[in-house]
Structures are given as structure tokens and as C-alpha cells.
Amino acid sequence: MLELTWYQRMHAMSKLSPFDPLAVPLRITVVTPSYNQAGFLEKTIQSVLGQRGAFELEYFIVDGGSQDGSVEIIRRYESQLSWWVSERDAGQSDAINKGLRRATGDILCWLNSDDYFAPGALSKVAELLADGRHKALAGHCIFVEPDGSEKLARGKFRGRISLLSRYSRYNMHQPSIFWRKEVTERIGLIDESMHLIMDYDYWCRIARHYYFVNVDAVLSCCHRHVDAKTADNFVSYHQARRRYLQQQRALLTWLDRATLACLEGIELFLYAAKKAKRALRRRAKAAPTN
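Going by my numbering, the first residue of the sequence shown is number 80, and it counts up by one from there.
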């Protein structure tokens, strides 16, 4: 029997599972920035348009003037899109902001053109963010390797101070993060001067004022491929993040700096303890037996 992928299983379940309509209808805006991603774009579009639930979908595609057939793909779905454009832009952050400026949704997000939503993702998001008690959320993501294999990447927000730590594991996956429009109205748009960590900067800015509720569910899938900005196994991303952290630490209050120093001290101790434990295990295995 042919084994189904995780995505295929979830898609089948989403068709069978009933949905309790929300008392208050709402609109979700999804912005897809894209540039020469024809190999992935159609699956992205289909994953958005295939979402079902008690919400109205507002879907924008902002293409940077692709020459690889992306425009032809977009035109096939034109009647189902709220708006799209293909024109030269100043990069990914500029493209995202073009969409966010037009957004009229109660809930906002962006989905890159080499990622795609899990079936039922927007329904889960609508249920959690509809009444306004929670302002932002973070969920899990599936990394899809070039050979088709899948790896679960758990998403978790541990608080603003942990987000600013040099040693904490950063487990917030961009395509699985959503927020209410009043968040953007308060903190502004994406910083267009940033190329790699504009998402991380945005989460840090949100965390100054709001808490991300953690969702124990897969909300998206992310293709890992050689043309991705993080194809170097996130090395450049984390280098940019370290530079950013140095700048942000100077802006913290003395209490936050003290809390951060304590947290980093604990994390360093735990890291050293794990490292020592692994070393002892290796020595034990290498030791000759009598």
C-alpha cells in the first residue's frame, strides 16, 4: 500500500472533520511575496485557497517581476485572488508591506511562495484569535527536504526575554505565525532594511507589547531547497540575529538586562552540563572492557 505523506493525511482529515461556526465572522489576510518561484508557487496558492472555515479569506500575491512562468500561474487563479501585482520591488520585506498596507483582515500573516499551509490551518487560527483575547500565536511547521522527507519543527514562544537570549533555542517558524491587525496598527510594518531577519525583528517588536499563544498543531510546511535564503543551514540568518541582539540589548531596561543575564547564565550551565555528560558517555564507550 502506498504510504500517504503527512500533508495528504491532514488534507483528507480536514474534509471529513466538522467545523463549529464562530459566532463572529472575521476576515483573514494572507500575503504571499514571490520572485521566480514557479516551481513552488502553485502549491502555495492552492494551500491558501483550499482553506475552509467560518472566515472570509483576503489573499494577496505580490510578485517582484518574475520571468520564470510565475505570472502565468498567478493568472490561472486570478478570479480567486483579492489582489495581485507583478512589478519590480525592493525585496521581500517591501513586497510583504505592499500587501499589509492593503490588508483589511482582522488576522494577518504572510506565506512565502515556497511554503504552504497545512489543511485546516486557518480554521484553527480563526478559532484562537477571533475574539481578540489573544493577539498573536505560534504553531509547528513541517520542514520538507528536497528528497521529499519530512521533519517536524516544533514552534514555541517562551517570552520576550528568552527571545532575546543568545543561547535560547529560537523555535518560532514564520509561516506558522499569525497576529491580529491591531498588532500591526501599534507596532508598524516590516523593517524593509532587513533582508534575512525581518521576521525575527517583527516577533521581537510584537513581544514588547503582546504574548504569542502557543498552538500544539502543525499550521504550515516549509520547503528546504538550494535557492532558499536559509539554504546555508541558517548560518547567515543566525549571524544577522547575533548582530541584531547586540543592538537590542542596549535598549533593555536594567531589570530586563539583569533577567536576561540570569537566563543566559542558566542556559550556559545547562549546555555545559549536557556537553560534559556526552563526553563521559563517549569515554565510557571507548574504555576497554575486562
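Think of the CB as a built atom: it goes at the ideal place given N, C-alpha and C, for glycine as much as any other residue.
Could you check whether residue j and residue i sit closer than 9 Å to each other, using their CB atoms as the reference points?
i, j, result
"Met251", "Tyr279", "yes"
"Lys109", "Leu216", "Strictly speaking, residue 109 in this sequence is Val, with Lys absent from that position. No. Outside cutoff."
"Cys220", "Pro254", "yes"
"Ser172", "Asp306", "no"
"Gln125", "Gly199", "no"
"Thr123", "Leu187", "no"
"Ile175", "Pro225", "no"
"Arg237", "Ser228", "no"
"Val141", "Asp168", "yes"
"Leu339", "Ile240", "yes"
"Arg328", "Arg336", "yes"
"Tyr138", "Leu128", "yes"
"Gly148", "Ala117", "yes"
"Val223", "Cys301", "yes"
"Ala296", "Gly218", "yes"
"His274", "Ala232", "no"
"Tyr249", "Ile266", "no"
"Leu179", "Ser161", "no"
"Lys356", "Ile285", "no"
Return the first residue and the last residue of the alpha helix (DSSP H) that residue i is part of.
i, result
"Asn293", "Asn293 -> not in any alpha helix (DSSP H); beta strand (DSSP E) instead, spanning Phe291 to His302."
"Ile175", "Gln171 to Arg181"
"Leu339", "Trp333 to Ala365"
"Ala232", "Counting along the chain, Ala232 falls outside any alpha helix (DSSP H), though it belongs to the beta strand (DSSP E) covering Glu229 to Ala232."
"Phe119", "Ala117 to Leu128"
"Asp278", "Met277 to Ala286"
"Tyr316", "Val314 to Arg328"
"Arg155", "Ser149 to Arg155"
"Leu268", "First-last for Leu268: undefined, no H or E at that position."
"Val305", "No alpha helix (DSSP H) contains Val305, which DSSP labels as neither H nor E."
"Ala205", "Ala200 to Leu208"
Measuring CA to CA, which of the options is closest to residue i?
i, options, result
"Leu298", "Phe257, Phe119 and Gly227", "Phe257"
"Val294", "Asp311, Gly234 and Gly267", "Gly234"
"Thr332", "Pro367, Lys260 and Leu243", "Leu243"
"Arg303", "Lys230, Ile186, Leu275 and Phe196", "Lys230"
"Ala133", "Asp311, Pro112, Ser149 and Pro104", "Pro104"
"Cys341", "Tyr138, Arg181 and Arg245", "Arg245"
"Arg212", "Ala182, Lys356, Ala358 and Glu261", "Glu261"
"Ser165", "Gln159, Ile153 and Ser158", "Ile153"
"Asp185", "Arg106, Gly344 and Lys214", "Arg106"
"Leu207", "Ser158, Arg259 and His317", "Arg259"
"Phe196", "Trp162, Phe119 and Arg181", "Phe119"
"Leu343", "Arg360, Leu324, Ala363 and Ala355", "In the sequence as displayed, the identity of residue 343 is Glu instead of Leu. Looking at the Cα atoms, Leu324 is the closest of the given residues."
Flag residue i as yes when its Cβ comes closer than 8 Å to any non-hydrogen atom of the ligand FAD, and as no otherwise.
i, result
"Asp185", "With respect to the ligand FAD, the structure shown offers nothing to examine, as it has no ligands at all."
Pull up the DSSP beta-bridge partners for residue i, would you.
i, result
"Arg259", "Ile186"
"Trp162", "Phe139"
"Leu105", "Phe134"
"Ser244", "Note: Ser244 sits in no beta bridge, so no partner."
"Asn250", "Lys235"
"Ser145", "For Ser145, which the question treats as bridged, DSSP gives no partner whatsoever."
"Val110", "Phe139 and Trp189"
Within the continuous beta strand (DSSP E) that includes residue i, where are the two ends?
i, result
"Glu137", "Phe134 to Asp142"
"Ile223", "The sequence shown places Val at residue 223, not Ile. Segment Ala215 to Val223, the beta strand (DSSP E) holding Val223."
"Phe196", "Asp194 to Phe196"
Spell out whether any CB of chain C is found under 9 Å from the CB atom of residue i.
i, result
"Arg357", "The structure shown contains no chain C; it holds only a single protein chain."
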